[in-house]
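In the numbering used here, the protein residues as written are 5 to 87.
All C-beta atoms in this analysis are idealised placements derived from N, C-alpha and C, irrespective of residue type, glycine included.
Below you'll find the structure, written out as structure tokens, and then a few comments.
Below you can see the structure in the form of structure tokens.
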């Protein structure tokens, strides 16, 4: 449901944070990933949007019954609360 490994090419890119310029670049790359049917690795991305999470893990709602409602994370709240 939330597994990242896929039978495709995986690349990792690291960029120095240069403020708005870097964030604009990340948004452009996010769009390329989404349009190509790719996925971001959520453990390494502190700014993943709910829309890209949905595109990357379309079956995430089937995981919801297994959640411990007493536990949460800022990541989970960020990518699922708007859903």
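Counting only runs of 4 or more residues that sit fully inside the stretch 15-80, the alpha helix (DSSP H) segments are 24-39 and 54-60, in chain order.
A straight-line Cα-Cα distance of about 26 Å links residue 69 and residue 38.
One Cα belongs to residue 64, the other to residue 58, and the distance between them is close to 7 Å. If you check the CB distance, residue 5 and residue 66 come in under 8 Å. The beta carbon of residue 61 sits closer than 6 Å to those of 6, all from its chain and outside the five residues before and after it, given in chain order. Considering only 31, 48, 32 and 42, the residue with the shortest C-alpha distance to residue 18 is 48.
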